[in-house]
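S.K.: Please see the structure below; I have some questions.
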Amino acid sequence: GQSLEQPSEVTAVEGAIVQINCTYQTSGFYGLSWYQQHDGGAPTFLSYNGLDGLEETGRFSSFLSRSDSYGYLLLQELQMKDSASYFCALYGSARQLTFGSGTQLTVLP
Amino acid sequence: DARVTQTPRHKVTEMGQEVTMRCQPILGHNTVFWYRQTMMQGLELLAYFRNRAPLDDSGMPKDRFSAEMPDATLATLKIQPSEPRDSAVYFCASGGEGEATEAFFGQGTRLTVV
Numbered sequence: 086g087q088s089l090e091q092p093s094e095v096t097a098v099e100g101a102i103v104q105i106n107c108t109y110q111t112s113g114f115y116g117l118s119w120y121q122q123h124d125g126g127a128p129t130f131l132s133y134n135g136l137d138g139l140e141e142t143g144r145f146s147s148f149l150s151r152s153d154s155y156g157y158l159l160l161q162e163l164q165m166k167d168s169a170s171y172f173c174a175l176y177g178s179a180r181q182l183t184f185g186s187g188t189q190l191t192v193l194p
Numbered sequence: 048d049a050r051v052t053q054t055p056r057h058k059v060t061e062m063g064q065e066v067t068m069r070c071q072p073i074l075g076h077n078t079v080f081w082y083r084q085t086m087m088q089g090l091e092l093l094a095y096f097r098n099r100a101p102l103d104d105s106g107m108p109k110d111r112f113s114a115e116m117p118d119a120t121l122a123t124l125k126i127q128p129s130e131p132r133d134s135a136v137y138f139c140a141s142g143g144e145g146e147a148t149e150a151f152f153g154q155g156t157r158l159t160v161v
């Protein structure tokens, strides 16, 4: 099976940088993804790491280390609209997409 | 624009009734996932299909849940009989060929069983 752990809550102020960590256990996977979900909405894709290292997309970056079974999402120049839940997700070798429990990010003015 | 469409958006039903949720994946996508989201359990993977074939439905209570893809444009999730503990938001998501580097989610069906 697959399991992922991430912090339940993170709080930061507008303009700051925040890092959301994700550790996982799996018997095999293709990559690690990150999704954003606003209250009442559907999850939307943010980034994907198929290889170790850093992927950058605008204000968001994501990192994967397979040797450490660890990844993170880095959000820079935080804005109020970034307040949402963030999920890491493993795309497993059986082609399943398994989500972590989510991190609620609150951005304060 | 391409998007995953789920119907109905909201459903209130009485315990014991049958509930059918429908999903139209993005045209050309060959992978379909069904998830259930609750505050307590987060996003649980119930079942998923690739090229319309079920790959795994071990996340579903088999005695009452069933998932099918009668054709490439329709996926269904059925609950019979429904119970109050089934109250949740059910999401369908689809992905394209190769690695699912991006799964596109529908807006979900909010189910309330009273």
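Respectively, the protein sequence lines represent chains A and B. Residue numbers for the first sequence follow the numbering used here, so the first one is 86 and each next one is one higher. Residue numbers for the second sequence follow the numbering used here, so the first one is 48 and each next one is one higher. We put the beta carbon where it would ideally sit given N, CA and C, even for glycine.
1) Write down the C-beta distance between Gly86/A and Tyr115/A rounded to the nearest angstrom, noting that I regard them as a contact closer than 8 Å.
2) For Met165/A, name the three-state secondary structure that DSSP assigns.
3) Over the uninterrupted beta strand (DSSP E) stretch that includes Arg69/B, give me the two end residues.
4) What does the alpha-carbon distance come out to for the pair Phe96/B and Arg157/B?
5) Go through its chain and collect everything with a Cβ distance to His76/B's Cβ below 7 Å, but skip five positions before and after it.
6) By how many angstroms is the C-alpha of Glu61/B removed from the C-alpha of Pro188/B?
7) From Gln104/A to Leu102/B, what distance separates their C-alpha atoms?
8) Measure the Cβ-Cβ separation of Ala127/A and Gln127/B and say whether it is below 8 Å.
9) Within a Cβ cutoff of 6 Å, which residues of the same chain sit near Gln64/B, ignoring the five residues on either side of it in sequence?
10) Kindly say whether Ala150/B, judged by its beta-carbon, lies nearer than 8 Å to any beta-carbon of chain A.
11) Run through chain B and tell me which residues come within less than 8 Å of Phe114/A, C-beta to C-beta.
12) Which residues, in chain order, does the stretch 170 to 193 of chain A contribute to contact with chain B at a C-beta distance below 7 Å?
13) Throw me the rounded Cβ distance for the Gln121/A and Ala169/A pair, which I believe falls under 8 Å.
14) Under 8 Å, do Asp167/A and Leu190/A count as touching if we go by C-beta distance?
15) Relative to the C-alpha of Ser107/A, which candidate in Ser88/A, Val192/A, His123/A, Gly113/A has its C-alpha closest?
16) Using a 10 Å radius around the Cβ and a threshold of 16 neighbouring Cβ atoms, would you call Gln181/A buried or exposed?
17) Does the beta carbon of Thr78/B sit closer than 8 Å to a beta carbon anywhere in chain A?
18) Answer yes or no: do Leu150/A and Leu158/A have a C-beta to C-beta separation smaller than 8 Å?
19) Three-state secondary structure (DSSP) at Arg144/A?
M.R.: Result, derived from the coordinates:
1) Along the first sequence, read from residue 1 onward, the residue named residue 86/A stands at position 1. Along the first sequence, read from residue 1 onward, the residue named residue 115/A stands at position 30. Incorrect: roughly 16 Å between the Cβ atoms, too far for contact.
2) Locating residue 165/A in the first sequence gives position 80, where the first residue counts as 1. Three-state result, Met165/A: helix.
3) Position 22 of the second sequence, counted from the first residue, corresponds to residue 69/B. Looking at the DSSP string, the run of the beta strand (DSSP E) that includes Arg69/B is 66 to 71.
4) The residue you call residue 96/B lines up with position 49 of the second sequence. The residue you call residue 157/B lines up with position 110 of the second sequence. Spanning the two alpha carbons is a distance of roughly 22 Å.
5) Stepping through the second sequence from its first residue, residue 76/B is reached at position 29. So the qualifying residues of the chain are Ser141, Gly142, Gly143.
6) This structure cannot settle anything about residue 188/B, because the visible part of chain B is limited to 48 through 161.
7) Locating residue 104/A in the first sequence gives position 19, where the first residue counts as 1. Locating residue 102/B in the second sequence gives position 55, where the first residue counts as 1. Taking the straight line from one Cα to the other gives about 34 Å.
8) Indexing the first sequence from 1 puts residue 127/A at position 42. Indexing the second sequence from 1 puts residue 127/B at position 80. Not in contact: Ala127/A and Gln127/B (Cβ atoms no closer than 8 Å).
9) The sequence position of residue 64/B within the second sequence is 17, counting from 1. Here the set comprises Ser129.
10) Stepping through the second sequence from its first residue, residue 150/B is reached at position 103. Yes, its Cβ sits closer than 8 Å to a Cβ of chain A.
11) As a first step, residue 114/A must be located in the first sequence, where it is residue number 29. Here the premise fails: no neighbours, minimum Cβ distance about 10 Å.
12) Phe172, Tyr176, Ala179, Arg180, Gln181, Leu182, Thr183, Phe184, Ser186, Gly187
13) In the first sequence, counting from the first residue as 1, residue 121/A sits at position 36. In the first sequence, counting from the first residue as 1, residue 169/A sits at position 84. Going by Cβ atoms, the distance from Gln121/A to Ala169/A rounds to 5 Å, so yes, they are a contact pair.
14) The sequence position of residue 167/A within the first sequence is 82, counting from 1. The sequence position of residue 190/A within the first sequence is 105, counting from 1. Cβ distance < 8 Å, so Asp167/A and Leu190/A count as in contact.
15) Counting from one through the first sequence, the residue named residue 107/A turns up at place 22. For the sequence presented, residue 107/A should be read as Cys rather than Ser. Out of Ser88/A, Val192/A, His123/A, Gly113/A, Ser88/A has the C-alpha closest to the C-alpha of Cys107/A.
16) On the first sequence, residue 181/A is found 96 positions in, with the first residue counted as 1. It is buried - the Cβ of Gln181/A has at least 16 other Cβ atoms within 10 Å.
17) Here residue 78/B corresponds to residue number 31 of the second sequence, with the count starting at 1. Yes, Thr78/B counts as interfacial toward chain A.
18) Here residue 150/A is taken as the residue at index 65 of the first sequence, counted from 1. Here residue 158/A is taken as the residue at index 73 of the first sequence, counted from 1. In the sequence on display, residue 150/A carries Ser and not Leu. No, Cβ-Cβ distance for Ser150/A and Leu158/A is not below 8 Å.
19) Along the first sequence, read from residue 1 onward, the residue named residue 144/A stands at position 59. Arg144/A: coil per DSSP, three-state reduction.
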